[in-house]
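Undergrad:
There are 2 protein chains.
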Amino acid sequence: MSIIKYQKNPIISISQVKPSRPDFEVVGVFNAGTATMNDEIVLLLRISERPINTDKTCVLAAVYDKNTDDLITMKFDKSDENYSFDDSRIISSGEQTYLTSISHLRVAKSKNGYDFEIEDKPALFPQNEYEAFGIEDPRIIKIDDDYYITFASSSYCGVVTELAKTKDFKHFERLGNIFAPDNKDVVIFPDKIGGMHYALHRPSTSALGKPEMWIASSPDLVSWGGHKRIAALRDGKFDDGRLGAGAVPIKTEEGWLEIYHGATKDNCYCLGAMLLDLEEPWKVLKRSDEPLVEPSETYEKSGFFGNVVFSCGLIQSGDFIKIYYGASDESIAVVDMKIDDILNNLK
Amino acid sequence: MSIIKYQKNPIISISQVKPSRPDFEVVGVFNAGTATMNDEIVLLLRISERPINTDKTCVLAAVYDKNTDDLITMKFDKSDENYSFDDSRIISSGEQTYLTSISHLRVAKSKNGYDFEIEDKPALFPQNEYEAFGIEDPRIIKIDDDYYITFASSSYCGVVTELAKTKDFKHFERLGNIFAPDNKDVVIFPDKIGGMHYALHRPSTSALGKPEMWIASSPDLVSWGGHKRIAALRDGKFDDGRLGAGAVPIKTEEGWLEIYHGATKDNCYCLGAMLLDLEEPWKVLKRSDEPLVEPSETYEKSGFFGNVVFSCGLIQSGDFIKIYYGASDESIAVVDMKIDDILNNLK
Numbered sequence: 000m001s002i003i004k005y006q007k008n009p010i011i012s013i014s015q016v017k018p019s020r021p022d023f024e025v026v027g028v029f030n031a032g033t034a035t036m037n038d039e040i041v042l043l044l045r046i047s048e049r050p051i052n053t054d055k056t057c058v059l060a061a062v063y064d065k066n067t068d069d070l071i072t073m074k075f076d077k078s079d080e081n082y083s084f085d086d087s088r089i090i091s092s093g094e095q096t097y098l099t100s101i102s103h104l105r106v107a108k109s110k111n112g113y114d115f116e117i118e119d120k121p122a123l124f125p126q127n128e129y130e131a132f133g134i135e136d137p138r139i140i141k142i143d144d145d146y147y148i149t150f151a152s153s154s155y156c157g158v159v160t161e162l163a164k165t166k167d168f169k170h171f172e173r174l175g176n177i178f179a180p181d182n183k184d185v186v187i188f189p190d191k192i193g194g195m196h197y198a199l200h201r202p203s204t205s206a207l208g209k210p211e212m213w214i215a216s217s218p219d220l221v222s223w224g225g226h227k228r229i230a231a232l233r234d235g236k237f238d239d240g241r242l243g244a245g246a247v248p249i250k251t252e253e254g255w256l257e258i259y260h261g262a263t264k265d266n267c268y269c270l271g272a273m274l275l276d277l278e279e280p281w282k283v284l285k286r287s288d289e290p291l292v293e294p295s296e297t298y299e300k301s302g303f304f305g306n307v308v309f310s311c312g313l314i315q316s317g318d319f320i321k322i323y324y325g326a327s328d329e330s331i332a333v334v335d336m337k338i339d340d341i342l343n344n345l346k
Numbered sequence: 000m001s002i003i004k005y006q007k008n009p010i011i012s013i014s015q016v017k018p019s020r021p022d023f024e025v026v027g028v029f030n031a032g033t034a035t036m037n038d039e040i041v042l043l044l045r046i047s048e049r050p051i052n053t054d055k056t057c058v059l060a061a062v063y064d065k066n067t068d069d070l071i072t073m074k075f076d077k078s079d080e081n082y083s084f085d086d087s088r089i090i091s092s093g094e095q096t097y098l099t100s101i102s103h104l105r106v107a108k109s110k111n112g113y114d115f116e117i118e119d120k121p122a123l124f125p126q127n128e129y130e131a132f133g134i135e136d137p138r139i140i141k142i143d144d145d146y147y148i149t150f151a152s153s154s155y156c157g158v159v160t161e162l163a164k165t166k167d168f169k170h171f172e173r174l175g176n177i178f179a180p181d182n183k184d185v186v187i188f189p190d191k192i193g194g195m196h197y198a199l200h201r202p203s204t205s206a207l208g209k210p211e212m213w214i215a216s217s218p219d220l221v222s223w224g225g226h227k228r229i230a231a232l233r234d235g236k237f238d239d240g241r242l243g244a245g246a247v248p249i250k251t252e253e254g255w256l257e258i259y260h261g262a263t264k265d266n267c268y269c270l271g272a273m274l275l276d277l278e279e280p281w282k283v284l285k286r287s288d289e290p291l292v293e294p295s296e297t298y299e300k301s302g303f304f305g306n307v308v309f310s311c312g313l314i315q316s317g318d319f320i321k322i323y324y325g326a327s328d329e330s331i332a333v334v335d336m337k338i339d340d341i342l343n344n345l346k
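Chains as they are written, first to last, in numbering that gives the first Met the number 0: chain A, 0 to 346; chain B, 0 to 346.
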């Protein structure tokens, strides 16, 4: 199979991104939702930032505070034995976990799909109690004149998925929490199927279950039910630790083609593909036996959180797709593929 | 406040319940949903059973197997260091947790609300992959001629909430998984509010969030969205560990009165009350400062899992309610209360 990672990857790096405020530094630009508008490719970037910290004895966490309607900075002393600092992404006590970075969403645009102009200001920024620890991993579909965006919001309440809509990527309207915690990787199908909307989702359960891929249906995009688990972990394969939807599925004659992410138990994230039945999308017809894209280049193997390739969107152009993906939770890369090549490689 | 626990509590004990098959023993009858039908009070009992085990060196777990469409018994050697047997309710490895008992739902009927006739056969029994570890904690509402039952189903997929309906408590139709894992304590309001159905629910999150009470809305009882957290843990009170809805809310002039459960960090479960706004039920107007019902009697303090009172339903009769509750995850008790007494006691 011909997999052409773009020669000049990563196409967007943190040095190109202006922080949202002068006392913050950008630590990641990754996991972008994709859309086309006015002959341009739009990426809705996830940008993670943290307060600039010159004091090595402590770790800072920026959190949205609804009382002040602004971010506040919490300070944790590294010598405080009540907290664990082992994972650089989190600060954790038995009672509560905090994130060491806070994400927002920002727009970037390109004519050719490789060279992007990144806006200076956030498009969607934490602004309610469900978003206190940041908003992450947008996926975009278009229905009539509206773009609908799902994204994961983290807070003291857990991880919910919200829905927002926009016509122009300038003005956004939030439509509430559409999946209860914990649930992320929510990807709505671009078309109704049998009169209903469908979405892939990834609940995280507290004890009995595993982080696997589910589907739900909705009459109105806001209310979701009919939850079914459709894809489980596979022992010994690239998705034996966790898996979830990635890009918005594309319709092919053979079925819905979904580019998803799978991770091993030791957190190596790869992209895989699966084919879902056109009329009964809860039926998985085929699935990648081996990763479609795996971390192999330096920018994919090391960074804020290394050994990660993770996609929230692709752009289809005839028989070809450009898959945009986050590399090492730090930068954005792109890979060009032929749809038939992917389909022919499924088991 | 006048709280009259019925003198002859518990009103239903395991000795009165016939096991669903001869090689099983009943270990609990508790957490019953409530309804009235043909001038009778109907309890939909949660009955937990386990395979009779004479071998003290092992622990057994009954699990529904979809390939055989029947229960199978799994055997765990107590000396197997891959598993923990510390909590008598579960068998746990790092990879997977199993339950030492499996629950089904069964009908009991009474004319006077105290003396119940219990059916010999299950009403709802595990029959699909989401119910592999059992079905639990039913709540019942009536809309027109249909009784709608929410219940929690446990399996390798986590804990989902399903919806079923019946007209006669003999024939039941399952309507699918209405809340994704993990979610339990789903209680639908008996009336629509502003044209929408509402339900209280209790997601369990994997890392950031806490086991707290949420609300969701639905156009059709099957699809749910608009998730909001409405009641949080309260440090130092009876609900500082977890809380969730209990009985179906009843409408009063002051608001929706909800009898809920709160547990301390060391798993003492009490009943509390809260008052929700009639038109905007996501607004908590008042809440019990102290438990309404707490474990004090022997049958509430010791049993399969002691120090637990837990309600799934009540029966209103004019100004009074009978709250049915599970005691120590083993038997069913009832307490009579005056609604005004509860309302006057809220803060």
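Built from N, CA and C at the ideal position, the CB exists for glycine as well. In this text, all values refer to a predicted model and were calculated from it rather than measured experimentally.
To which residues of the same chain is Ile229 (chain B) closer than 7 Å at the C-beta, ignoring the five residues directly before and after it?
TA: Contacts found: Met212, Trp213, Ile214, Trp281 and Val283.
Undergrad: Which residues in chain A have a C-beta closer than 8 Å to the C-beta of Cys267 (chain B)? List them in chain order.
TA: Within 8 Å Cβ-Cβ: nothing; Cys267 (chain B) doesn't reach chain A, min ~19 Å.
Undergrad: Would you mind telling me which residues of chain B sit closer than 9 Å to Asp234 (chain A), beta carbon to beta carbon, in chain order?
TA: Within chain B, no residue comes near Asp234 (chain A); the closest Cβ sits about 10 Å away, beyond 9 Å.
Undergrad: The beta strand (DSSP E) with Thr96 (chain B) in it runs from where to where?
TA: First-last of the beta strand (DSSP E) with Thr96 (chain B): Thr96 to Leu98.
Undergrad: Using a cut-off of 8 Å between C-beta atoms, extract the partners of Thr99 (chain B) located in chain A.
TA: Here the premise fails: no neighbours, minimum Cβ distance about 13 Å.
Undergrad: Can a CB atom of chain B be found closer than 7 Å to the CB of Arg45 (chain A)?
TA: Taking Cβ atoms only, chain B never reaches closer than 7 Å to Arg45 (chain A), which makes this a no.
Undergrad: For Ser92 (chain B), return the contacting residues in chain A, with the cut-off set at a CB-CB distance below 9 Å.
TA: None at all; the shortest Cβ gap to chain A is about 12 Å.
Undergrad: For Thr297 (chain B), name the three-state secondary structure that DSSP assigns.
TA: Residue state, collapsed to three classes: helix.
Undergrad: Return the CA-CA distance between Ile258 (chain B) and Pro189 (chain B), expressed in angstroms with no decimal places.
TA: The straight-line gap from Cα to Cα measures roughly 14 Å.
Undergrad: In the DSSP assignment, the beta strand (DSSP E) including Leu70 (chain B) goes from what residue to what residue?
TA: First-last of the beta strand (DSSP E) with Leu70 (chain B): Asp69 to Asp76.
Undergrad: May I ask you to list, following chain order, the residues of the segment 154-170 of chain A that have a beta carbon less than 8 Å from some beta carbon of chain B?
TA: If the cut-off is 8 Å between Cβ atoms, the segment 154-170 of chain A has Ser154, Tyr155, Cys156, Gly157, Val158 and Val159 near chain B.
Undergrad: Closer than 8 Å is the cut-off here; do at least three beta carbon pairs connect the segment 248-267 of chain A with the segment 240-257 of chain B?
TA: No, because fewer than three Cβ pairs between the segment 248-267 of chain A and the segment 240-257 of chain B fall closer than 8 Å, the two stretches do not touch.
Undergrad: Check whether the Cβ of Leu59 (chain B) lies closer than 7 Å to any Cβ atom in chain A.
TA: Chain A, which has no Cβ nearer than 7 Å to the Cβ of Leu59 (chain B), makes this no.
Undergrad: Please tell me whether Ala244 (chain B) and Asp184 (chain B) are closer than 7 Å, where the distance is taken between their beta carbons.
TA: In contact: Ala244 (chain B) and Asp184 (chain B) (Cβ atoms closer than 7 Å).
Undergrad: Counting pairs of beta carbons, one from the segment 16-36 of chain B and one from the segment 307-324 of chain B, are three or more of them closer than 8 Å?
TA: The segment 16-36 of chain B vs the segment 307-324 of chain B: in contact.
Undergrad: Which residues in the same chain have their Cβ closer than 6 Å to the Cβ of Phe124 (chain B), if we skip the five residues on either side of it in sequence?
TA: Once the five neighbours on either side are set aside, the close Cβ partners of Phe124 (chain B) are His103.
Undergrad: My output table needs one value for Leu43 (chain B): the three-state DSSP class, helix, strand or coil.
TA: Leu43 (chain B): strand per DSSP, three-state reduction.
Undergrad: Is Ile67 (chain A) close to chain B, meaning its C-beta is less than 7 Å from at least one C-beta of that chain?
TA: Residue identity differs from the one stated: residue 67 (chain A) is Thr in this sequence, not Ile. It does not: the Cβ of Thr67 (chain A) has no partner Cβ on chain B nearer than 7 Å.
Undergrad: Output, in chain order, the set of chain A residues within a Cβ distance shorter than 7 Å of Arg228 (chain B).
TA: Here the neighbours are Cys156.
Undergrad: Can you give me the Cβ contacts of Leu277 (chain B) inside the same chain, cut-off strictly under 6 Å, excluding the 5 residues immediately before and after it?
TA: For Leu277 (chain B), where only same-chain residues beyond five positions count, the Cβ hits under 6 Å are Gly254.
Undergrad: Assign Met0 (chain B) to buried or exposed, taking buried as 16 or more other Cβ atoms, counted over all protein chains shown, within 10 Å of its Cβ.
TA: Met0 (chain B) comes out exposed.
Undergrad: Whose CA, out of A:Gly302, A:Thr297, A:Phe309 and A:Ser217, lies closest to the CA of Ala272 (chain A)?
TA: Checking every option, the nearest Cα to that of Ala272 (chain A) belongs to A:Phe309.
Undergrad: Would you please verify whether the beta carbon of Asp181 (chain A) is less than 7 Å from any beta carbon of chain B?
TA: So yes, Asp181 (chain A) belongs to the interface.
Undergrad: Would Gly133 (chain B) pass as an interface residue toward chain A - the criterion being a Cβ-Cβ separation below 7 Å?
TA: With 7 Å as the cut-off, Gly133 (chain B) does not count as an interface residue toward chain A.
Undergrad: For a quick check, are the C-beta atoms of Tyr129 (chain B) and Ser109 (chain B) less than 7 Å apart?
TA: No, these two residues do not count as a Cβ contact at 7 Å.
Undergrad: Can you grab the Cα-Cα spacing for the pair Glu289 (chain A) / Gly312 (chain A), in whole Å?
TA: Computed Cα separation, rounded: 20 Å.
Undergrad: In the DSSP assignment, find the alpha helix (DSSP H) that holds Ile341 (chain A) and state where it starts and stops.
TA: Start and end: Ile338 to Asn343.
Undergrad: Where DSSP assigns a beta bridge to Gln315 (chain B), which residues make up the other side?
TA: DSSP lists B:Ile320 as partners of Gln315 (chain B).
Undergrad: Counting only C-beta atoms, is Gly224 (chain B) closer than 7 Å to chain A at any point?
TA: It does; some Cβ of chain A falls within 7 Å.
Undergrad: Interface residues of chain A around His200 (chain B) at Cβ under 8 Å?
TA: Near His200 (chain B) (Cβ distances below 8 Å), the residues of chain A are Ala179.
Undergrad: Hey, which unbroken runs of the beta strand (DSSP E) at 3 residues or more fall wholly within the segment 95-164 of chain A?
TA: Correct list: 96-98, 101-109, 133-142 and 145-154.
Undergrad: Nearest-angstrom Cα distance between Asp234 (chain B) and Asn266 (chain A)?
TA: Each residue's alpha carbon lies about 35 Å from the other.
Undergrad: Within the continuous beta strand (DSSP E) that includes Ile249 (chain A), where are the two ends?
TA: First-last of the beta strand (DSSP E) with Ile249 (chain A): Ile249 to Thr251.
Undergrad: Between which two residues does the beta strand (DSSP E) holding Asp184 (chain A) run?
TA: Its beta strand (DSSP E) spans residues Asn182 to Ile187.
Undergrad: State the DSSP-derived secondary structure class of Ile258 (chain B), mapped to helix, strand or coil.
TA: Looking at Ile258 (chain B) - three-state DSSP - the assignment turns out to be strand.
Undergrad: Quick one: residues in its chain with C-beta nearer than 6 Å to the C-beta of Gly240 (chain B), no 5 flanking neighbours on either side, listed in chain order?
TA: Ala262, Thr263 and Lys264, listed in sequence order.
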